[in-house]
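Below is one structure; the comments refer to it alone.
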Amino acid sequence: MKHKVQILDKEGIRRALTRIAHEIIERNKGTEDLALIGIRRRGVPLAERLAAKIREIEGSVVPVGTLDITLYRDDLNTRDQQPLVHRTEVPFSVTEKKIVLVDDVIYTGRTIRAALDAIMDLGRPRVIQLAVLIDRGHRELPIRPDYVGKNVPTSRREIVEVCLQETDGEERVLILEKD
Amino acid sequence: MNWKRKDVLGLQNLSVEEIEIILDTAVSMKEVLGRTIKKVPALRGRTVVTLFYEPSTRTRTSFELAAKYLSADSVNLSASTSSVVKGETLKDTARTLAAMGADVVVLRHPMAGAPNLLAETIPAAVINAGDGTHEHPTQALLDMFTVREKLGKLAGLNVAIIGDILHSRVARSNIWGFTKMGARVRICGPATMIPASIETMGVEVCTGIEEALEGADVVMMLRIQLERQQQGLFPSLQEYTRLFGLNRQRLALARPGALVMHPGPINRGVEISPEVADGVNSVITEQVTNGVAVRMALLYLLGGGGIPVA
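Chains as they are written, first to last, in UniProt numbering: chain D, 1 to 179; chain B, 1 to 310.
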């Protein structure tokens, strides 16, 4: 791994999330029936931060859930080892809710495909929207985010590394190049 | 750490880390069981065969439901209705099943070590669902899962296992498992039903049930197999109940809030009084639910693709 380029710093992440929070409120005309669901791992702290910002702006509390998509992966039959399953915790009914799915990076779109199936198994939301901190392109499925922190054109050889205080002890987004 | 093992044959050779992976995975599986739509696509296209050479309702049904909730196809084979009655050997039966594309074989067999033989013979993953008086790992794992869920930990707990230890594969697996996880295990039963040198497994042998129950966090009652009386291992059921049965007065010796467990099927009024079996301390029905979650966890961990054949 070499050639590190920083594409977002702490302030950059904060501003992007503030803008996304405003956009979510505007698009949904408020926060009624709104709920956020973060995809493990780094989607979870991002969803919590968005909920906190929405509360600052609108004064209303939006429920937050956690989704683990492992059991819905499309590569379980081809991997050498089974990936470990973590907990899904969605402590509210998703039926008739406006769900905003939150993840750190969108790449091929396969994680989001799995997440959509996982949510559908929990109930029937009125609408599902997608918020990501980074869109790095190279989609392999017809999936498009509704809210994007930053669009970053990348090559497939590159790796986007999102570091968050809650999971990594620091705040920044880097692009690394594989050797 | 990731899961690397092809088979689960007993608690004796599982590491603490492996036990923790199974129990953690089972937590996620229990969440799936609580949903309106109890099905996830994780094992689509995989085949689970349950091969039972001994009667069983709960273990077998539990495995079958676990497979279905994970979207695997499951086939059940009883020795009494298969080519086994025509004299086919276990190895040949297993090779036939493997040739038909079974990915996981769940085996219950009266001979200790039969699952080990099977695991060496076929490329499919093998899960021991009880082999003779040797081990019953999924029962012990669901017991540990239930205790961890209810009491928040396993290390440092006092676990009393009471009854026919000699013939109990459930007891053996639980002793391996709980001691490995740092619990203190005390056992108690008629002297004819306590195996010689059981202390080497790291347990304390108590002669009276009161001694075993004193301050226990978990009380595990074993089913008394009624046919043992014919073998002269205890004089009468009445005497067994008087000396080793769990009733409300005796349970009061355990820690307040202690868990009462039983692997089933229960002989009501023999090893456990109905008021205790149905009382507030009893987690016997939850054990059954947790059994499905634990078996889902094992099927998921063993049923993946690309596991290299040893």
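The beta carbon of each residue, even a glycine, is placed where N, CA and C say it ideally should be. Just so we're clear, the structure is a prediction, and the values are computed from it rather than from any experiment.
**OP:** Could you name the residues of the same chain whose beta carbon sits closer than 6 Å to that of R73 of chain D, not counting the 5 residues immediately before and after it, in chain order?
**Re:** Stepping through the first sequence from its first residue, residue 73 of chain D is reached at position 73. These residues qualify, in order along the chain: A114.
Original post:
If we cut at 9 Å on Cβ distances, does residue 313 of chain B have a partner in chain D?
Top reply: Because chain B spans 1 through 310 in this model, residue 313 of chain B falls outside it and cannot be assessed.
**OP:** Determine whether the Cβ of P145 of chain D lies closer than 9 Å to any Cβ atom of chain B.
**Re:** Taking the first residue of the first sequence as position 1, residue 145 of chain D is located at position 145. Answer no: the Cβ-Cβ gap between P145 of chain D and chain B never drops below 9 Å.
**OP:** Could you name the residues that DSSP lists as bridge partners for V65 of chain D?
**Re:** For this step, residue 65 of chain D is matched to residue 65 along the first sequence. Reading the sequence as shown, one finds Gly at residue 65 of chain D and not Val. D:I37.
Subject >> Chain-ordered neighbours of E31 of chain B on chain D, where CB pairs are closer than 7 Å >> reply: As a working note, residue 31 of chain B is residue 31 in the second sequence. Going along chain D in sequence order, the residues near E31 of chain B (Cβ under 7 Å) are R87, T88.
Original post:
Helix or strand or just coil, what does DSSP make of H22 of chain D?
Top reply: As a first step, residue 22 of chain D is located in the first sequence; it is residue number 22 there, counting from the start. In the structure shown, H22 of chain D sits in a helix (DSSP, three-state: H, G or I).
Original post:
What does T50 of chain B pair with, by DSSP beta-bridge criteria?
Top reply: On the second sequence, residue 50 of chain B is found 50 positions in, with the first residue counted as 1. DSSP lists B:N76, B:V106 as partners of T50 of chain B.
**OP:** Could you tell me how far apart the beta carbons of Q287 of chain B and T179 of chain B are, in whole angstroms, since I believe they sit closer than 8 Å?
**Re:** As a first step, residue 287 of chain B must be located in the second sequence, where it is residue number 287. As a first step, residue 179 of chain B must be located in the second sequence, where it is residue number 179. With a Cβ gap of about 20 Å, Q287 of chain B and T179 of chain B do not count as contacting.
Subject >> Residue-level contact to chain B via CB, P83 of chain D, 9 Å cutoff >> reply: What you label residue 83 of chain D is simply residue 83 of the first sequence in a count that begins at 1. At least one chain B Cβ lies under 9 Å of P83 of chain D.
Subject >> G10 of chain B classed as buried or exposed, judged by whether at least 16 other C-beta atoms fall within 10 angstroms >> reply: Numbered from its first residue, the second sequence carries residue 10 of chain B at position 10. It counts as buried.
Original post:
Of all the CB atoms in chain D, is at least one closer than 9 Å to the CB of G156 of chain B?
Top reply: Counted from its first residue, the second sequence places residue 156 of chain B at position 156. Closer than 9 Å to the CB of G156 of chain B there is not a single CB belonging to chain D.
**OP:** Figure out for me which residue from D:K53, D:E89, D:R126 has the closest Cα to the Cα of D33 of chain D.
**Re:** Against the first sequence, residue 33 of chain D aligns to sequence position 33. It is D:R126 whose Cα lies nearest to the Cα of D33 of chain D.
**OP:** Drop a sphere of 10 angstroms on the beta-carbon of I54 of chain D, count the other beta-carbons inside from all chains shown, and report buried for 16 or more, exposed for fewer.
**Re:** Within the first sequence, the letter at position 54 stands for residue 54 of chain D. Flag for I54 of chain D reads buried.
Subject >> Sub-9 Å separation of A160 of chain B and A124 of chain B beta-carbons >> reply: For the purposes of this step, residue 160 of chain B is identified with residue 160 of the second sequence, where counting begins at 1. For the purposes of this step, residue 124 of chain B is identified with residue 124 of the second sequence, where counting begins at 1. No, they are not a contact pair.
Subject >> Best match in B:A171, B:L213, B:L70 for proximity to P195 of chain B [C-alpha to C-alpha] >> reply: Residue 195 of chain B sits at position 195 when you count from the first residue of the second sequence. Nearest of B:A171, B:L213, B:L70 to P195 of chain B, Cα basis: B:A171.
Original post:
Got a sec, what are the start and stop residues for the beta strand (DSSP E) A114 of chain D sits in?
Top reply: On the first sequence, position 114 is the one that residue 114 of chain D refers to. Taken as a continuous stretch (DSSP letters only), A114 of chain D belongs to no beta strand (DSSP E), being part of the alpha helix (DSSP H) at 110 to 122.
Subject >> Counterpart residues of E177 of chain D in DSSP-defined beta bridges >> reply: If you number the first sequence from 1, residue 177 of chain D lands on position 177. E177 of chain D is bridged to D:K2, D:E158.
**OP:** Can you give me the Cβ contacts of A47 of chain D inside the same chain, cut-off strictly under 7 Å, excluding the 5 residues immediately before and after it?
**Re:** Reading the first sequence from its first residue, position 47 is the one you call residue 47 of chain D. Excluding the 5 residues flanking it on each side, A47 of chain D has same chain C-beta neighbours closer than 7 Å at L36, I37, G38, V64, V102, in chain order.
Original post:
With 9 Å set as the bound, which would you pick, yes or no: does the beta-carbon of T70 of chain D sit closer than that to a beta-carbon of chain B?
Top reply: Indexing the first sequence from 1 puts residue 70 of chain D at position 70. True, the Cβ-Cβ gap to chain B drops below 9 Å.
Original post:
Does the segment 12 to 21 of chain D come close enough to the segment 144 to 153 of chain D to have 3 or more Cβ pairs within less than 8 Å?
Top reply: yes
Original post:
Where G87 of chain B and T57 of chain B are concerned, what is the direct C-alpha to C-alpha distance, given to the nearest angstrom?
Top reply: To locate residue 87 of chain B, count along the second sequence from 1; it is residue 87. To locate residue 57 of chain B, count along the second sequence from 1; it is residue 57. Approximately 24 Å, taken between the alpha carbons.
**OP:** Assuming L133 of chain D contacts V162 of chain D (C-beta within less than 8 Å), just tell me the rounded distance between them.
**Re:** For the purposes of this step, residue 133 of chain D is taken as the residue at position 133 of the first sequence. For the purposes of this step, residue 162 of chain D is taken as the residue at position 162 of the first sequence. About 6 Å; that satisfies the 8 Å criterion.
Original post:
Looking at the C-beta of R79 of chain D, does it have a partner C-beta in chain B at a distance below 9 Å?
Top reply: For the purposes of this step, residue 79 of chain D is taken as residue 79 along the first sequence, with counting starting at 1. So yes, R79 of chain D belongs to the interface.
Original post:
Quick one: what's got a C-beta closer than 7 Å to V44 of chain D's C-beta in the same chain, skipping five residues either side?
Top reply: As a first step, residue 44 of chain D must be located in the first sequence, where it is residue number 44. For V44 of chain D, where only same-chain residues beyond five positions count, the Cβ hits under 7 Å are G38, T66.
Original post:
Between R42 of chain D and the rest of its own chain, which residues show a CB-CB distance below 7 Å, the 5 nearest in sequence each way excluded?
Top reply: The residue labelled residue 42 of chain D in the question sits at position 42 within the first sequence. Taken in chain order, the residues that qualify are D104, V162, L164, T167.
Original post:
How is E170 of chain D classed by DSSP in three states: helix, strand or coil?
Top reply: Counting from 1 along the first sequence, the entry for residue 170 of chain D is found at position 170. Here E170 of chain D sits in coil by DSSP.
Original post:
Quick one: what does DSSP say Y107 of chain D is sitting in, helix, strand or coil?
Top reply: Residue mapping note: residue 107 of chain D aligns to position 107 of the first sequence, counting from 1. In this structure, Y107 of chain D counts as coil in the three-state DSSP scheme.
**OP:** Tell me the start and end of each unbroken beta strand (DSSP E) in the segment 93 to 157 of chain B that is at least 3 residues and wholly inside, in chain order.
**Re:** 104 to 109, 125 to 131
Subject >> Residue burial classification, P91 of chain D (beta-carbon count within 10 angstroms, cutoff 16) >> reply: The residue given as residue 91 of chain D occupies position 91 in the first sequence. Under this definition P91 of chain D is an exposed residue.
**OP:** Pull up the CB-CB distance for L253 of chain B and L213 of chain B, whole angstroms please, since I reckon it's below 8 Å.
**Re:** Locating residue 253 of chain B in the second sequence gives position 253, where the first residue counts as 1. Locating residue 213 of chain B in the second sequence gives position 213, where the first residue counts as 1. With 8 Å as the limit, L253 of chain B and L213 of chain B qualify as a contact, their Cβ atoms being about 4 Å apart.
Original post:
Is D103 of chain D close to chain B, meaning its C-beta is less than 9 Å from at least one C-beta of that chain?
Top reply: Within the first sequence, residue 103 of chain D is the residue found at index 103, counting from 1. Taking Cβ atoms only, chain B never reaches closer than 9 Å to D103 of chain D, which makes this a no.
Subject >> Contacts of L141 of chain D in chain B (Cβ-Cβ under 7 Å) >> reply: The residue given as residue 141 of chain D occupies position 141 in the first sequence. Neighbours of L141 of chain D on chain B: none; closest Cβ ~16 Å, over 7 Å.
**OP:** Just the chain D side, please: which residues come within less than 7 Å of S28 of chain B by C-beta, in chain order?
**Re:** Stepping through the second sequence from its first residue, residue 28 of chain B is reached at position 28. The contacting residues are D68, V85, H86, R87, T88.
Original post:
Under the DSSP definition of a beta bridge, which residues are partnered with R147 of chain D?
Top reply: Translated into the one-based positions of the first sequence, residue 147 of chain D becomes position 147. A small correction: the amino acid at residue 147 of chain D is Tyr; Arg does not occupy that position in the sequence shown. Its beta-bridge partners are D:A131.
Original post:
So, using beta-carbon positions, are L17 of chain D and R49 of chain D closer together than 9 Å?
Top reply: Counted from its first residue, the first sequence places residue 17 of chain D at position 17. Counted from its first residue, the first sequence places residue 49 of chain D at position 49. Yes, they are a contact pair.
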